[in-house]
Amino acid sequence: MANLPKTYAPQEIEGKWYKFWQKNDYFHAAATSEKPPYAIVIPPPNITGSLHIGHALDNTLQDCLIRWRRMQGYNTLWMPGTDHAGIMTELIMERNLADEGISRTALGREKFVERMWQWKAETSDYIISQLQQLGCSCDWERERFTYDEGFVTAVNTAFLHLYNQGLIYRDTYMGNWCPHCNTVLSNLEVEPIEIDGNFYHIRYPVKDSEIVLEIATTRPETMLGDTAVAVHPDDERYQHLIGQTAILPLCDREIPIIADAYVDTEFGTGALKVTPAHDTNDYEIGSRHNLEQLTIFTRDGCINENAPKKYVGLSRWECRERVVEDLENLGYLVKIVPHRHAVGHHDRCGTIVEPTVSPQWFMNVRPLAQRAIEATQKGEIKFIPERETARFYHWMENIEPWPISRQRWWGHRLPIWYCSECEGITAAIARPQQCECGATSFHQDEDVLDTWFSSGLWPFATMGWPEKTQELKTFYPTSVLVTGWDILFFWVARMIMLGLGCMDEVPFRTVYLHGLVADEKGQKMSKSKGNTIDPLETIDTYGTDAFRFALANASTPNPYVPLLESQIESGRRFANKIWNAARFVLMNLEKYPVPAGSDAVDTSNETLEITWIRSRLSHTIKTTTEALENFRFYEAAQTLYAFLWHEFCDWYLEFTKQRVSQDEPAALWAAADTLEQTMRLLHPFMPFLTEEIWQQLSPNGTDTTEDETSVTVAPWPEAKGENPIAETTMATLMEVIESIRSIRGELNVPIGASVEVHIQSQNSEVREQLETYLRQYLPAFTRVTSITIAESLQKPPASAEAVIGDLAIYIPLADVIDLDAEHARLSKRHQQATKDVATAQKTLDNPNFVERAPEHVVAQKRELLERLLIEQEKLARSLAMLSESGG
RNA sequence: GGGCGGGUAGCUCAGGUGGCUAGAGCGACAGCCUUACAAGCUGUAGGUCACAGGUUCAAGUCCUGUCCCGCCUACCA
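Whatever position you read off the first sequence (first residue = 1), add 123 for this note's numbering.
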C-alpha cells in the first residue's frame, strides 16, 4: 500500500478510474443477456454549449440509479447522446456569425448547415467529456444524436406513419410567429410575461352620423389591420350601432360594427376593435363573421403595403408611436391609461411573439393524448412525485393541435414534396418519380420539423427503430426516465404520445421528475439571474464526488432544490472523512493483515462492538436500498452520511483503536469489511472515491492489471439482519460515555486530567454489561483512573453527577469542581426532567388514552414516565445535597 | 380567475399510511493539534412546528378557514 496523503485529492484519482472503467467495458449493455434489463435513456443535452447545474443534477441521479442497478445484477443500459436543438443552436450560430460580420441569409442555407455540422462536432465531444468528468456510466458505444443518419430515417418513418393515419396535416391557421426567428412556434414555446403597457382609448367615428364609438386597445398599431368593431349583442349602449359602419381613422376605411358574444361589456369600453390577422381572439371572431384577414406585418415584424404608405417599413414599436402621435394630432385619441398585462415572448430569443396567419404542418395529437391518458390510468406509466400525474392529465386533456413545422434551416426536413406543376402534395422519403398530374418535377418542403418531434422518438430511435432490433426487444419500454418537471409537456408527454403512435407501447414505466436547482433564496438558477453554479468549476474546486453527493443530498422531493455552496463544501468534508477512515483502516491492516481465507466470518465469539456495527450496517443497507427504490436520493445520502460519519467513524473506529492497541485485530478486520461494504453502498453516489478505497481494501486488488475487477460491478450489499439487543446495550454504553464527556466539558475538567468514575445501578443486567464492556471501551473515549460499578454506593463528596434512568454516574472532582456550575447544570436537567414528567404524566392520566391507545404505545409511555420519574427524583436529591454542602 | 407546492432552530431542509422526550447539515458559542482526519475532535446554546378553529385518547402530521411566499395554468382586448 502506498502512503496515502492526509487529505483527499480527487484530481489525482478521478481520471484514472474513469479510464479503467472504460477500458474494462463495464458500461456496455449487452443486447441479449440472461440478466434482467434495466434501461434509461439520457435526456440528450443540447449541443449549444456546456453542461449546466441542471444537467449535473439530472445526470448524477441517473448515474446513481444505473450504478445501483448494475451492482444489483441488472443488464443496465444508459443510452447517451445529444440533441441538435433546432432554434436554440441556430440562434447561437447566428450570433457567432454576427461576430464575423456574416448574416445567416447572406451565407445561404447550404453553407449555414455546413457550419452547424462543424459546430456540432466540436460541442458534442465537449459535452460528452463533461458527462464523463461527472462520472456518468453511459454506454458510450451507443452514443446517438437526434440528427444523425439513423434519426433521419426514424423521423421520416414516424412522419409518414402518422401522415398516413391522417394525424399529420397541413392547414392555414393563426399561430405564434417569432419575427426575430422568422418561424411559427407552438404554445409551449411562448412565455407570457407581465409588462407595463397602456390602454389606448380611441374614437372610431360612425358613418353618416355624429356618433363616435370609443374602443380601447393595448396595441394601437394593429388598428391598421382592423376589419370590424365588435360589441356584445346584448349591450344596450350599442344596440343602435350594430349593423352600422365605422370609419377607421388613419386609414379612412369603412368597417362593419358587428355583434359578438365574445366581447365583455364590463371590460374597457365594451367596444372591441377586431384585427383578424393579428390576434387569436379576433381571428376567431373573424371566422365567425367572415371578416377579411388583413395582414399588416411582414415576416420580420414590420409594417407592410397593406397599411397606409406613411407607416410602411416601420417596426411594430415605431409604428405604435407614430399611430398614437397621429391619432392625437387628429383628435382621435381619448386617453392613455397605464395597464399591466401579459404579453407572449419567444422563450428562446425573448422576442415578443406576433400572432400571424400562415400555412403550417400540424399534428393532431388528440387521439394519441387520449391513449396516453388511458395508458397512465392503467398504470403502464407511473409519475414520481405523484402530483405530476395531475399536471400530466390536465395538459393532455386540453391539448391542441401541435404545429410541427418550423421555418428554419437546422433540422429534419419534412418528407413532403410539392409538384412543380399542380402543387399537389406527395409524402415520401425519397423524391417521387411522377405526380398524379403526370409532372415529374418536385420541390421538397423547405421547412424543418420542431426539434421536439425528433427528440420525441428518442427512447426507440436510439435503439435502432424502425428496424426491429434486439435492443428494442430487450430494453423497450425503458425502465425509468429522469428529468426536470419543467419539460414534462415539451418532451415527456410527446415521447409518450409518439411512443404509443410508433411503437404501440409507452416508452418508459416510471417517470421521475426531479426539482430544479435553485439558490439559497429559492430562485431557480439561471444565467440571466447570474446565480448559477458552474459544474466544471465546482468539480475543479471540490471534486466530482463531493459535488455529486451534495446534489443527491440536496435532492428532496420539492419542486425547487436549493443548492448551497456550504452543502458542496460539506460533501468535500465527507469525502475527506471517508478518505481518512480508510487510511486508518489500511494503515492498521499493514500491521494486522486480514488472514487468508477469512471470508467466512466467525461470529461465534464476536465482541459487542462488532455485532453492533454489523447490525447498523445491515440497517443502513436496508434503508439505503429502500430509499433508492423510492427515488428518495436525499434520504439515501443522509443515511450513508450518518452511518459512516457518526457511527462508523465516531464510535466504531474508536473501539477499534482500543482493540488494536490491545493486540486484538478482529475489530479491525470487521472495520475493513464494514468499510468495504459501505464503499459499495456509496458507490452510486461517489463513484471515484469509493473505487479507489475499494481497490485498496480488496485483498488482491492492488493495482495489478490482471484479474481486474471493480466496485462498479461488485454485488450490491445484502442486509443480513439487525440485532436489537446489541443495539440497546450499545446505546446505554454510549449514553454513559456521553454523560461523562458532558460532565468533563461543562465543568471544564482539564483534558489531561484523569477521573474516577463511580456508577450505581440496581439493574444487575446493566451492571453486568457495564462491567464487561465499559472497562474495555471507556479508555478510548475519556481518561479514567478507575471505574467502580455497584448496586448501591454513596455519592462521593464534591463530585459531579449524571443520571440516566436508574443509572447514576458520579465523578469526584475535589480539586476542580465548581459547585455553582454543577448546581446550575443539575438544576437545568432537573427542570427538563420535570417538564417531561409532566407531559408524560398528563397523557397517562387520561383514562381514554390508556383505554384506547394501542397497548405498546401505552407501555412505552409508562416506561418513559418511570424512567423520567427516577431521573427527576435522583436529580432533586442531588440538588438538595449540593445546596446543603455548598450553603 | 382556477390549480399545485410551501411556511418546522439564525440559514437550507428532513420529519411515507397520526403515537418514542421534534431531527440533520451549515452557522453560533466554549474547549481541544487526543499519533485516520483542524476539510478534524469534544461539549453547549437555539424551535408556541405561520395563525385560528375542528376531528381524535393522541396533531408538525388529518379537516376547515385566514394570512404570507413560490410556481403552473387561463382568450379579458
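Heads up, the beta-carbon is just placed ideally off N, CA and C, and yes, glycines get one too.
Take the alpha-carbon of residue 557 and the one of residue 291: they are about 23 Å apart.
Note on residue 916: under 16 other CB atoms within 10 angstroms of its CB, so exposed under the neighbour-count rule. Comparing alpha carbon positions, the residue from 536, 534, 532, 568 closest to residue 548 is 568. Here DSSP, grouped into helix, strand and coil, assigns residue 320 to strand.
Cβ neighbours of residue 704 within its own chain (closer than 8 Å, five residues either side excluded): 767, 771, 772, 776, 798.
Following the DSSP letters along the chain, one finds residue 301 inside the beta strand (DSSP E) bounded by residues 291 to 301.
The closest CA to that of residue 948, considering only 862, 142, 929, is found on 862.
Per DSSP, residue 467 is not a residue of any alpha helix (DSSP H); the beta strand (DSSP E) it occupies stretches across 456 to 469. Secondary structure note for residue 517: its alpha helix (DSSP H) is the uninterrupted segment 510 to 520.
Counting only runs that start and end inside the region 673 to 735, the beta strand (DSSP E) elements of at least 3 residues fall at 683 to 685. According to the DSSP assignment, residue 486 belongs to the beta strand (DSSP E) that extends over 477 to 486.
A residue is called buried once 16 or more other Cβ atoms fall within 10 Å of its Cβ, and residue 911, having fewer, is exposed.
Annotation note: the region 152 to 178 contains the following uninterrupted beta strand (DSSP E) runs of length 3 or greater, listed N- to C-terminal: 160 to 164.
Contact annotation: residue 601 and residue 278 have beta-carbon atoms that are not nearer than 8 Å.
Under the three-state reduction of DSSP, residue 560 is assigned to coil, being neither helix nor strand. Between residue 480 and residue 297, the C-beta spacing is below 8 Å.
Two segments are said to touch when three or more pairs of C-beta atoms, one from each, lie closer than 8 Å; by this definition the region 478 to 492 does not touch the region 338 to 351. Inclusion of residue 431 and residue 636 in the CB contact set at 8 Å is not warranted, their separation being larger than that value. If you draw a straight line from the Cα of residue 243 to the Cα of residue 346, it is about 45 Å long.
In the DSSP assignment, the residues bridged to residue 206 are 169. The alpha-carbon of residue 564 is positioned some 21 Å away from that of residue 232. A buried status is given to residue 534, since no fewer than 16 other beta-carbon atoms sit within 10 Å of its beta-carbon. Secondary structure at residue 263: helix, using DSSP grouped into helix, strand and coil. Check the Cα spacing between residue 811 and each of 794, 793, 833, 821: the tightest is with 833. Across the set 650, 871, 735, 750, the C-alpha of 735 shows the shortest separation from the C-alpha of residue 848. Note that the C-beta distance between residue 262 and residue 150 is below 8 Å. Within the same chain, and ignoring the five residues on either side of residue 160 in sequence, the residues whose Cβ sits closer than 6 Å to its Cβ are 198, 597, 598. In the three-state reduction of the DSSP assignment, residue 525 falls in the strand class. The Cβ-Cβ distance between residue 285 and residue 612 does not fall below 8 Å.
Between residue 883 and the set 994, 331, 854, the nearest pair of CA atoms involves 994. Between the region 265 to 276 and the region 671 to 686 there are fewer than three C-beta pairs closer than 8 Å, too few to call the two in contact. Residue 322 places its beta carbon less than 8 Å from that of residue 391. For residue 776, the enclosing alpha helix (DSSP H) begins and ends at 776 to 784. Closest in alpha carbon position to residue 616, among 657, 505, 656, is 505.
Rounded to whole angstroms, the gap between the alpha carbons of residue 294 and residue 405 is 18 Å. Within the model, the alpha-carbon separation for residue 961 versus residue 954 is close to 11 Å.
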